[in-house]
Structure formats: C-alpha cells, structure tokens
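Numbering (this note's numbering), first residue to last: 243 to 499.
Where a beta carbon is used, it is the ideal one built from N, C-alpha and C, also for glycine.
In what follows, a structure is listed as structure tokens, so that the remarks can point back to it.
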Amino acid sequence: MTYELIIVQSEAPIAIVQINRPRQLNALNSQVMQEMTSALETLDNDAAIGCMIVTGDERAFGAGADIKDMADATAVEMLQRNWIAYWDRIKHISKPVIAAVSGYAVGGGCELAMACDLIVASESAQFSQPEINLGVIPGAGGTQRLTRAIGKAKAMDMVLTGRALSAREAEANGLVARVYPTEVYLDEAKKLAREIASKAPVALRFAKESVNKAFESPLADGLDFERKLFYFLFATQDGHEGLKAFVEKRKPEWQGK
Ligand code: HXC
Numbered sequence: 243m244t245y246e247l248i249i250v251q252s253e254a255p256i257a258i259v260q261i262n263r264p265r266q267l268n269a270l271n272s273q274v275m276q277e278m279t280s281a282l283e284t285l286d287n288d289a290a291i292g293c294m295i296v297t298g299d300e301r302a303f304g305a306g307a308d309i310k311d312m313a314d315a316t317a318v319e320m321l322q323r324n325w326i327a328y329w330d331r332i333k334h335i336s337k338p339v340i341a342a343v344s345g346y347a348v349g350g351g352c353e354l355a356m357a358c359d360l361i362v363a364s365e366s367a368q369f370s371q372p373e374i375n376l377g378v379i380p381g382a383g384g385t386q387r388l389t390r391a392i393g394k395a396k397a398m399d400m401v402l403t404g405r406a407l408s409a410r411e412a413e414a415n416g417l418v419a420r421v422y423p424t425e426v427y428l429d430e431a432k433k434l435a436r437e438i439a440s441k442a443p444v445a446l447r448f449a450k451e452s453v454n455k456a457f458e459s460p461l462a463d464g465l466d467f468e469r470k471l472f473y474f475l476f477a478t479q480d481g482h483e484g485l486k487a488f489v490e491k492r493k494p495e496w497q498g499k
C-alpha cells in the first residue's frame, strides 16, 4: 500500500509508522489518521511483526487535530466525519504499540500517544491539551485517558489551563514510561520494541489486553478477566515451553501457538 502522509518502515520483528507532515508539525488531519490506522491494522495482521512504533519527528510528535480542517465545521459535520473513531481503532490493535514522542505532543497528538500502549519520550517532549484555548475541549481521550494516567489534580491543571508537561514531569506523573536524550529516543524505542517483540506472542497480546482492561472495568471484573486469560495460556504451547525452559535452565523457543 502507498501512503502520502506517513512513512512505514518494516524492520521485522518491529515496524515504525512515522507521521510525515513536518511543515504542519504533524497536525493530524483525517488522511493522516486514516493512513496510520490502516497501516497499523495491516501490521497487526503481519506474522513477521511483533511490536509497532508510532512516531513523528524530533520537533513534533503531533501538534493536534488539524485546526484548519475544523475551523468552519458545524457540529453535524464533525459528527458525520466521525474521525475521532480513528483514535478508537488504534485501541483495537492487538499487538503492542509504542508511541515514541519528541517535541510537541499537543491536543489530538497527546491523545494519539495515549491511545498507544506506552510512551517513550525524548527529553524535549512536551505534552499538552490546549483545546481550552481554542474554545473547545479534548475530544479523543484527553479528559479521560489523561486523568486515568496522571490523576485528577494534574489533569485538571493541564485541561483547564492548557499548560504543558515536560517529558520529565510526564514521566514522574505516570504518563511516560521512559525518557531518553533526544539523539537516541527513537533508537531506544526500537530496542524496547525488539525486546517486546521477542516475547511469546499470545501472552503478549493477553498481557496488553489485560492491562488495558484495568482502565475500563471495576477491579473484580478486571481480576476475573485476567485470571481467565492466565488459565487460557496453559492451553498454549508457548505457556508450557516457557515454564519448562525455566525448569530445564534453557532459553524458551516461542512458536506463537
Ligand atoms: C493545523 C497547525 C497545527 C494544527 C501547527 N500548525 N499546529 N496546523 N493544525 N493543530 C501549523 C501552523 O499553522 C504553522 O503553519 C506550522 O504548523 C508551524 O507552526 P507554528 O505555530 O509556526 O510553530 P511554533 O511557533 O513552533 O508553535 C508550535 C505550536 C503551535 C505551539 C505547537 O503551532 C500551536 O499552538 N499549534 C496548535 C496546537 C493546538 O492547539 N492543538 C490542538 C488542536 S485541537 P504555517 O502554514 O503558518 O507555517 C485538537 C482536538 C482534538 O487537537 C480532538 C480530537 C481529534
């Protein structure tokens, strides 16, 4: 498939999906989001790939939804375009997706990073939800995922004022998993992706699903869900292979079955 506004690089067992609108600071119009979600869905079905990275460039991960596209839209047009559904589609990718963020992760860009499974940031990354300054509010998870990630106090601070969190603040507050110098953040994200991709594929998929479930269900339901997935893994070859390999003091060889 050919893409205009993203670049897809396959470095099996990982793949990198890069937003490529540098002059607009990677503002997310519907074409970018359409290309990105279809690339991720294609990679999700590619048996050679175990983990994907979504990234921008050093200056901007993404400066938010394309304001020029929204400036004259009516409520009904926004509803009919339904392009926020693209952010939801990312949630349904079964393989782990890492957001490698440098520079601006603003509005819909911050929401895109949060729709991924974990965020690796460069020291120059900054995360903000400045929609309040445009007379609107976040629409793709900025009041919900952000609050679950960093808590009410910080989320209110960001959403009511539009102030940005630096990479270090974002890490200290649980939004970001790892921060690296800008020169190496993407290489480090790739290393992490390769490490993740080396794990047993079915367990990886369930692990992701189960952690994500914690954000969407009461504790008792989440524990029940987790337990069933755990039992199910004893029906996989890899589950037995991993346990036996430990006992036999050797490296496991995953079959993805
Ligand atoms: C369209 C954008 C854009 C955006 C930047 N650009 N952000 N175009 N939509 N979200 C364009 C600028 O118009 C400019 O184009 C070029 O990118 C460079 O931007 P500058 O402003 O000159 O750069 P700089 O001075 O470095 O400032 C960077 C910035 C600023 C602080 C990130 O660009 C900014 O505040 N952008 C808007 C961020 C924002 O409010 N995002 C939230 C959008 S609402 P020209 O042609 O002039 O060179 C949202 C809601 C999501 O995301 C809802 C769910 C989907």
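{"Asked": "Taking just the CA atoms, how far does Ala341 sit from Leu360?", "Found": "6 Å"}
{"Asked": "Which residues in the same chain have their Cβ closer than 6 Å to the Cβ of Leu388, if we skip the five residues on either side of it in sequence?", "Found": "Ala397"}
{"Asked": "Sorted by chain position, which residues of the same chain lie with C-beta nearer than 6 Å to Ile438's C-beta, five sequence neighbours on each side aside?", "Found": "Cys293 and Pro338"}
{"Asked": "Return yes when the C-beta of Ile326 is under 7 Å from any heavy atom of the ligand HXC, and no when it is not.", "Found": "yes"}
{"Asked": "Reducing DSSP to helix, strand and coil, say where Glu353 ends up.", "Found": "helix"}
{"Asked": "Is the closest heavy atom of the ligand HXC to the C-beta of Leu247 under 7 Å?", "Found": "no"}
{"Asked": "Alpha carbon to alpha carbon, what distance is there between Tyr473 and Met491?", "Found": "Before going further, note that residue 491 is Lys rather than Met in the sequence given. Using only the alpha carbons, I get a separation of about 24 Å."}
{"Asked": "Can you tell me whether Glu353 sits near the ligand HXC, meaning its C-beta is under 7 Å from at least one heavy atom of the ligand?", "Found": "yes"}
{"Asked": "What do you get for Asp308, buried or exposed, if any count of 16 or more other CB atoms within 10 angstroms of its CB means buried?", "Found": "buried"}
{"Asked": "DSSP three-state call for Leu270: helix, strand or coil?", "Found": "strand"}
{"Asked": "Could you say if the segment 319-330 and the segment 269-282 meet the contact criterion of at least three C-beta pairs nearer than 8 Å?", "Found": "yes"}
{"Asked": "Can you check which of these residues, Gln368, Arg436 and Gly350, is closest to Pro255 by C-alpha distance?", "Found": "Arg436"}
{"Asked": "Would you mind working out which of Gln368, Ala315, Gly351 and Asp466 sits nearest Glu413, comparing C-alpha positions?", "Found": "Gln368"}
{"Asked": "Got a sec: does the ligand HXC put a non-hydrogen atom nearer than 7 Å to the Cβ of Lys310?", "Found": "yes"}
{"Asked": "So, at 8 Å on beta carbons, what are the nonlocal neighbours of Ile248 in its own chain, with the 5 sequence-adjacent residues on each side left out?", "Found": "Val259, Gln260, Ile261, Asn262, Val274, Glu277, Met278 and Ala281"}
{"Asked": "Quick test of your reading: Ala363 and Val421, contact by CB under 8 Å. State the CB separation rounded to the nearest angstrom.", "Found": "5 Å"}
{"Asked": "Taking Ala288 as the reference, give the member of Ser336, Gly383 and Arg265 with the closest Cα.", "Found": "The amino acid at residue 288 is misidentified as Ala; the sequence shows Asp. Cα-wise, what sits closest to Asp288 is Ser336."}
{"Asked": "Out of Pro423, Glu468 and Asp480, point me to the one whose CA is closest to Lys441's CA.", "Found": "Asp480"}
{"Asked": "Return the first residue and the last residue of the alpha helix (DSSP H) that Ile332 is part of.", "Found": "Ala327 to Lys333"}
{"Asked": "Start and end of the alpha helix (DSSP H) containing Ser452?", "Found": "Pro443 to Lys455"}
{"Asked": "Quick check: what's the CA-CA separation for Val401 versus Leu446?", "Found": "33 Å"}
{"Asked": "Please list, in chain order, all residues of the same chain as Phe448 whose beta carbon is under 6 Å from its beta carbon, the five residues on each side excluded.", "Found": "Leu471"}
{"Asked": "Please report the distance separating the alpha-carbon of Asp299 from that of Ala477.", "Found": "42 Å"}
{"Asked": "Ala406 and Ser370: beta carbons closer than 8 Å?", "Found": "yes"}
{"Asked": "Do Ser252 and Ile291 come within 8 Å of each other at the CB atom, strictly closer than that value?", "Found": "yes"}
{"Asked": "Answer yes or no: the CB of Gly349 versus the heavy atoms of the ligand HXC, is any distance below 7 Å?", "Found": "yes"}
{"Asked": "Excluding five sequence neighbours on each side, which residues of the same chain lie with their C-beta closer than 6 Å to the C-beta of Trp496?", "Found": "Ala442 and Asp480"}
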